[in-house]
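In what follows, a structure is listed as structure tokens, so that the remarks can point back to it.
Protein chains: 2
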Amino acid sequence: MTQEPISLDKALASFTEQWSPRIVTRVNDYDVRIAKVEGEHLWHAHEHTDEFFLVIDGELTIALREPEAGERTVTLPKGSVFTVPRGVEHKPTAPSGASILLFEPTGTLTVGDRHEEVPDHVDATTGHDLAVEDPEA
Amino acid sequence: MTQEPISLDKALASFTEQWSPRIVTRVNDYDVRIAKVEGEHLWHAHEHTDEFFLVIDGELTIALREPEAGERTVTLPKGSVFTVPRGVEHKPTAPSGASILLFEPTGTLTVGDRHEEVPDHVDATTGHDLAVEDPEA
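Protein chains in written order, with our numbering: chain X, 1 to 137; chain S, 138 to 274.
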């Protein structure tokens, strides 16, 4: 099957769930995922991988607990990128909502390898496949 | 040193060279690169890696020579993504110019592992570091 380009806007319009990433494409053994987020995620850490964030729309803040810098918060306006280093506890938050794009190894859990209790509004997953529209339809 | 979020607009404004990717951040052993492109790249293939494209601005077309589908061209408007599978010869073109984001293993050559003659306007490189502005300035 040949692949076609995917519009991120259309892909984002194909689902409504918050904090529940969709896999838009794969690059070797990495996923490119998109997610709609609003409110608070949870404190968690990925022990074996960095995690890349690109803000497609809205604004994301990420609270970080870093070995040297201690606890701080970074703000990502639309069109900005940030990589959370492996092992660093972090908590993404989007008070007014945001759409984000993530790069991370296939199989990476949204809640990391260690985390606080998972609230109901956060989907503990390795990402869902995007529901692809039929190009013949 | 702590990392700060990077604005893609500011990063793109920090250089003028065409077809000469800048590395904005690293994710494990992968680079996130951005490039300004206008006109034609060259036919090339990456034997050992897929290559991910996201169009930040403008429009990119990618000519492909695929084993089954043969030669075809995909068009990526602003805000769309596409992954060129490993081994597939491809030639990106942007007649009216575009800004793109790439995700690929650190060390990946812009001209691939096999390619036609490299024209003067294409930078054969594994990416350049972004000239980072001093946050204290």
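Glycine is no exception: its CB is placed at the ideal position from the N, C-alpha and C atoms.
Inset, instruction - Reducing DSSP to helix, strand and coil, say where residue 42 of chain X ends up. - result: coil
Inset, instruction - Give, in chain order, every residue of the segment 78-92 of chain X whose Cβ lies closer than 8 Å to some Cβ of chain S. - result: 79, 80, 81, 82, 83, 85 and 86
Legend entry - Cross-chain neighbours of residue 4 of chain X in chain S, by beta carbon under 9 Å: 211 and 219
Inset, instruction - Mind checking the segment 57-68 of chain X against chain S and listing, in chain order, the residues whose C-beta falls within less than 8 Å of any C-beta there? - result: 66 and 68
Legend entry - Residue from X:66, X:69 and X:55 with nearest C-alpha to residue 75 of chain X: X:55
Inset, instruction - For residue 7 of chain X, go through chain S and note every residue whose CB falls closer than 8 Å to its CB, in chain order. - result: 214, 216 and 217
Inset, instruction - Tell me, please, whether the CB atom of residue 26 of chain X is closer than 8 Å to any CB atom in chain S? - result: yes
Inset, instruction - Could you name the residues of chain S that residue 50 of chain X contacts, counting a contact when the two beta carbons are closer than 7 Å? - result: 164 and 165
Legend entry - Where residue 8 of chain X sits in the DSSP three-state scheme: helix
Inset, instruction - Under 9 Å between beta-carbons, which chain S residues line up against residue 32 of chain X? List them in chain order, please. - result: 189, 191, 218, 220 and 240
Inset, instruction - For the beta strand (DSSP E) holding residue 20 of chain X, just list the boundary residues, first then last. - result: From DSSP, residue 20 of chain X is part of no beta strand (DSSP E); its letter is neither H nor E.
Inset, instruction - Helix, strand or coil for residue 268 of chain S, going by three-state DSSP, please let me know. - result: coil
Legend entry - Simplified DSSP state of residue 63 of chain X, which is helix, strand or coil: strand
Legend entry - CB contact flag (residue 100 of chain X, residue 35 of chain X, <8 Å): yes
Legend entry - Local conformation of residue 124 of chain X per DSSP, three classes: coil
Legend entry - 8 Å Cβ cutoff, residue 136 of chain X in contact with chain S: At residue 136 of chain X, the pLDDT of 49 sits below 50, so the modelled position is not reliable; the number obtained from the coordinates is stated separately. Judged by the 8 Å Cβ criterion, residue 136 of chain X is not in contact with chain S.
Inset, instruction - Figure out for me which residue from S:228, S:248 and S:217 has the closest Cα to the Cα of residue 209 of chain S. - result: S:228
Inset, instruction - Could you check the C-alpha separation between residue 202 of chain S and residue 39 of chain X for me, to the nearest Å? - result: 45 Å
Legend entry - Within 8 Å, strictly: CB atoms of residue 221 of chain S and residue 187 of chain S: yes
Inset, instruction - Express the C-alpha separation of residue 160 of chain S and residue 112 of chain X in angstroms, rounding to a whole number. - result: 26 Å
Inset, instruction - Taking all protein chains shown into account, decide if residue 245 of chain S is buried (16 or more other Cβ within 10 angstroms of its Cβ) or exposed. - result: buried
Legend entry - Assigned secondary structure, residue 150 of chain S (DSSP; H/G/I helix, E/B strand, else coil): helix
Legend entry - Cutoff 8 Å: residue 38 of chain X Cβ touching any chain C Cβ: Among the protein chains of the structure shown, namely X and S, there is no chain C.
Inset, instruction - Give the straight-line distance between the Cα atoms of residue 256 of chain S and residue 179 of chain S, rounded to the nearest whole angstrom. - result: 8 Å
Inset, instruction - Return the first residue and the last residue of the beta strand (DSSP E) that residue 48 of chain X is part of. - result: First-last for residue 48 of chain X: undefined, no H or E at that position.
Legend entry - For residue 214 of chain S and residue 162 of chain S, the rounded distance between their alpha carbons: 24 Å
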